[in-house]
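These notes concern the structure reproduced below.
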Amino acid sequence: MPVTTRATNKVSNAARTQKAKKLQKSQDDTINKIAELENELLTTAENQARSAQKPRGPSVPKKP
1 MPVTTRATNK VSNAARTQKA KKLQKSQDDT INKIAELENE LLTTAENQAR SAQKPRGPSV
61 PKKP
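Numbering follows UniProt numbering, with no gaps: position 37 of the sequence shown is 37.
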């Protein structure tokens with residue numbers, strides 16, 4: 001069985017912590033990208049819905 005010292009354990013823990021931080025940042029970036037795309041899609045859909053709901057009414061003649 002290999003002998004581990006406190007120094008090697010600290011290095012190993014530091015490497016694990018660094019990997020975990022990188023993974024967390026990657027996950028956060030992915031979530032932010034998804035949120036941006038979702039907002040873009042919802043904005044586009046909302047604008048299209050507004051356009052579709054505004055049919056032009058008959059023109060009203062101005063009074064002389």
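Glycine included, every Cβ here is placed at the ideal spot set by N, Cα and C.
Keep in mind that this is a model prediction, so the values were computed, not measured.
Per-residue burial, residue i [other beta carbons within 10 Å of its own, 16 or more giving buried]
i  : result
M1 : With a pLDDT of 48 at M1, under the threshold of 50, the modelled position of that residue is not reliable, and the figure given next carries that caveat. By the neighbour-count rule (16 or more Cβ atoms within 10 Å), M1 is not buried but exposed.
Reduced DSSP category for residue i - H, G, I as helix; E, B as strand; rest coil
i   : result
T5  : coil
R56 : coil
K33 : helix
K19 : helix
K62 : coil
Residue i versus residue j: straight-line alpha-carbon distance, rounded
i   : j   : result
K33 : L42 : 14 Å
Q48 : S26 : 33 Å
L37 : A15 : 33 Å
K62 : R56 : 17 Å
T5  : N13 : 12 Å
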